[in-house]
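Heads up: the sequence shown runs through residues 12 to 253, numbered per this note's numbering. Positions of the beta carbon are idealized from the N, C-alpha and C atoms, including for glycine. On a predicted model such as this, the values are computed, not experimentally measured, just so you know. Notes for the one structure printed next.
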Amino acid sequence: MDAQPLIGITTYLARARWGVAWDTSAALLPAAYGEHVQRAGGLAVLLPPDDPATARAVVRRLDGLVLAGGDDLDPALYGQEPHPRAGAPVPERDRWELALLAEALRQELPVLGVCRGLQLMNVHAGGTLVQHLPDAVGHEGHNPAAGAFSDHLVKPVPSTRLGELLPEPCDVATHHHQSVDRLGEGLVVSAYAEDGTVEALEYEGRAAFALGVQWHPEVRSDLRLARALVAASRGPNSTDRR
């Protein structure tokens with residue numbers, strides 16, 4: 012049996028409370044992310060925000076990377092002022108994850124971006140975001156209830172990596188109020204929602220596994236994306252980088 016690949020998952024940086032007395036800054040992540048990677052055959056390790064200068068060494072030790080969902084990206088990263096409904100930026104997380112992504116792409120580490128992770132991939136490539144999606148699509152269907160996932164249909168684009176993994180339209184778990192606006196350089200859209208919202212993107216002509224989805228696969232039972240990430244993380248490049 013092949014060794015289980017080590018999959019790093021980025022985390023939030025937030026104030027949290029637990030136990031009878033603790034109330035402090037914490038690196039945290041919903042348990043579903045790690046469980047999803049584990050069910051797909053990988054070993055999950057959490058990556059709290061760190062000095063971006065360490066990203067090269069961290070990526071060298073990983074076999075795959077998940078850019079997790081979470082806080083809105085700082086709109087200054089793509090040259091905009093914040094929308095009144097935009098969340099407060101977390102610059103430590105933005106800088107860390109941009110550095111991780113840059114190193115992952117340079118080292119050809121397999122990458123899966125989830126929700127915020129897709130948006131980070133687009134901004135890293137020079138793209139922009141719709142800061143409050145209801146302004147663009149005229150409805151709240153992508154995030155109808157704060158703190159709860161709902162489902163909607165996505166349509167994969169044929170002849171893309173995502174289209175090969177998910178060849179038929181499918182329902183996915185959604186919870187986001189931002190989305191891709193101008194597509195970043197070198198990226199292609201690989202799935203849309205019925206209202207035209209970009210639901211997945213990937214790198215044009217890139218052999219290494221690297222794609223982002225706007226939905227949350229970790230909260231549903233479909234393991235196809237996670238298994239594809241784990242399978243790619245077992246490739247020869249994973250051992251060559253160490």
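Whole-number beta carbon distance between residue j and residue i, since they are thought to touch under 8 angstroms
| i | j | result |
| --- | --- | --- |
| Leu78 | Val125 | 7 angstroms |
| Ala27 | Leu40 | Their Cβ separation, rounded to whole angstroms, is 11 angstroms, which puts Ala27 and Leu40 out of contact at 8 angstroms. |
| Val48 | Ala237 | 6 angstroms |
| Gly223 | Met132 | 5 angstroms |
| Gln130 | Val191 | 7 angstroms |
| Gln142 | His94 | 4 angstroms |
| Arg104 | Asp82 | 7 angstroms |
| Arg172 | Glu213 | 5 angstroms |
Range covered by the beta strand (DSSP E) that runs through residue i
| i | result |
| --- | --- |
| Arg238 | Note, Arg238: premise wrong, no beta strand (DSSP E); alpha helix (DSSP H) at Arg235 to Ser244. |
| Ala110 | Looking at the DSSP string, Ala110 is not in any beta strand (DSSP E); the run it does join, the alpha helix (DSSP H), is Pro102 to Arg117. |
| Pro148 | Checking the sequence shown, residue 148 turns out to be Val, not Pro. Here Val148 belongs to no beta strand (DSSP E); instead the alpha helix (DSSP H) covers Leu144 to Val148. |
| Leu17 | Leu17 to Thr21 |
| Leu58 | Leu54 to Leu58 |
Span of the alpha helix (DSSP H) around residue i
| i | result |
| --- | --- |
| Ala42 | Ala42 to Arg50 |
| His163 | Here His163 belongs to no alpha helix (DSSP H); instead the beta strand (DSSP E) covers Ser161 to Pro167. |
| Val69 | Ala66 to Arg72 |
| Leu84 | Run containing Leu84: none; DSSP gives neither H nor E here. |
| Arg96 | Careful: Arg96 lies outside any alpha helix (DSSP H) and carries neither H nor E. |
| Gly174 | Arg172 to Leu176 |
Residues sharing a beta bridge with residue i, DSSP
| i | result |
| --- | --- |
| Arg28 | Asp34 |
| Gly124 | Leu78 and Gly223 |
| Glu213 | Val199 and Leu222 |
| Asp182 | Leu164 |
| Leu140 | Val191 |
| Leu39 | Tyr23 |
| Ala204 | Val165 |
Proximity test, residue i beta-carbon vs the ligand NAP heavy atom, cut-off 8 angstroms
| i | result |
| --- | --- |
| Glu151 | The ligand NAP is not part of this structure, which contains no ligands at all. |
Nearest candidate by alpha-carbon position, reference residue i, set the options
| i | options | result |
| --- | --- | --- |
| Pro167 | Leu240, Val199 and Ala219 | Val199 |
| Val241 | Ala55, Pro155 and Ala43 | Ala55 |
| Asp162 | Asn133, Glu205, Gly246 and Gly128 | Glu205 |
| Gly197 | His188, Cys181, Val183 and Ala221 | Ala221 |
| Glu114 | Ser36, Pro63, Asp233 and Ala218 | Pro63 |
| Ile20 | Pro59, Ala66 and Arg67 | Pro59 |
| Leu215 | Asp34, Ser201, Ser244 and Gln225 | Rather than Leu, the amino acid found at residue 215 in this sequence is Glu. Of the listed residues, the one whose Cα sits closest to Glu215 is Ser201. |
| Thr139 | Ala43, Arg71, Arg245 and Asp85 | Asp85 |
| Ala66 | Leu111, Thr171 and Gly45 | Leu111 |
| Asn154 | Val165, Gly137, His188 and Ser170 | His188 |
| Leu73 | Gly137, Gly30, Leu57 and Glu175 | Leu57 |
| Asp182 | Thr22, Glu210, Gly81 and Pro100 | Glu210 |
| Ala42 | Ser244, His227, Arg235 and Ser170 | His227 |
| Thr35 | Gly45, Pro16 and Leu24 | Leu24 |
| Arg231 | Ala159, Ala218 and Ser244 | Ala159 |
| His150 | Thr208, Leu116, Ile18 and Pro180 | Thr208 |
| Glu229 | Ala147, Ala51 and Val148 | Ala51 |
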